[in-house]
Each structure stands twice: as C-alpha cells, then as structure tokens.
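S.K.: In mature numbering (1 follows the signal peptide of the UniProt record, and there is no 0), the protein residues as written are -30 to -1, 1 to 98.
Note that beta-carbon positions come from the ideal geometry of N, C-alpha and C, so glycine has one too.
Note that the structure is predicted; figures quoted are calculated from it, not measured.
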Amino acid sequence: MNIAQRIGTLTAVTLAAVAGTVTFASSANAEGTWQCSHWYEGTACARTVSGGYDVSWYKQPEADGGGAHLTEFWLECLNGYRYNSAGAFWISPYETRTYVFSIGSRGSCRAKVVDYTTSKTFYSSYAG
C-alpha cells in the first residue's frame, strides 16, 4: 500500500469515528423545548426529557411582598395522569427550582405549581 492509499484509509477511518461520535451526541440530547406560561408571580415551564418531564418555577422578585414561599410541583397530563413531586420546597425571589418526573412518556403534560403561602396555583403550557 502506498502513502496516498494509507492517508486515504486513515482519513476514512477518522471521518467514520467523528461521524459516529456526532450521531451519538445528538441522539443523547432528547430534551424537548421549554413550554412556559408567564404570571405576575413567576414563570412556570415544562419540557419532555429522556424518561419523563422536567418542570421549573422562577419566582418573580416583586410578587407578593418579595418573601420566600412554600411551593410544590405537580404534573398534570391530558390523558388523566397526575403526579406530585417529592414534596414542598421553599423558594425565594430571583430563584428557579426544577424537578424531573421520571415517569416515562405520558403524552402532553404541564407543570402545576402550587404556592401554599398564597394559596395560588400556576400552570405551564403543555409539553409533549
């Protein structure tokens, strides 16, 4: 095998390895686009992720006097499934909290954010 054939073979092997890596990396990123609803008190979001749904709540600083609030995540799906998170949590102004519901695919679902401090409930748009 001459030098030109060796370089050609080496180039083909390198390109195949890089293409395999790119394909693997892009298939590993299975997250959907955030679906958010904006409220005066904050922003509720949901997206699909590999194995379930990721939800988030951003607390606006000027809402409800600006103090910390006791809050809990729920996931509500159009097909009737409803799940609660691991429990309530405290969130302060400017903070974002997230939770992943590792429940597999359940179709279109949205985040439900229950603020126990104010007795208000907020929803994201549907994801999935």
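Just verifying my parser: in three-state terms, what is the DSSP assignment at Gly22?
M.R.: It is a strand residue.
S.K.: Any idea if Asn(-2) is buried or exposed, counting beta-carbon neighbours within 10 angstroms, 16 or more meaning buried?
M.R.: In this predicted model, Asn(-2) has a pLDDT of only 42, less than 50, meaning its place in the structure is not dependable enough to derive any value.
S.K.: Could you tell me if Trp27 is buried or exposed, where buried requires 16 or more neighbouring beta carbons within 10 angstroms of its beta carbon?
M.R.: Trp27 should be labelled buried.
S.K.: Quick one: what's Tyr53 bridged to in DSSP?
M.R.: Answer by DSSP bridge pairing, in chain order: Leu45.
S.K.: Excluding five sequence neighbours on each side, which residues of the same chain lie with their C-beta closer than 7 Å to the C-beta of residue 153?
M.R.: Outside the displayed range of the chain (-30 to 98) lies residue 153, so it cannot be described from this structure.
S.K.: Compute the beta-carbon to beta-carbon distance between Glu46 and Arg80, rounded to the nearest angstrom, for a pair I have assumed lies under 8 Å.
M.R.: Indeed they touch by this definition, with Cβ atoms about 6 Å apart.
S.K.: Measure the Cβ-Cβ separation of Ala14 and Ser94 and say whether it is below 7 Å.
M.R.: Cβ atoms of Ala14 and Ser94: closer than 7 Å.
S.K.: Please report how far the alpha carbon of Val83 lies from the alpha carbon of Glu42, in whole angstroms.
M.R.: Distance between the alpha carbons of Val83 and Glu42 is about 6 Å.
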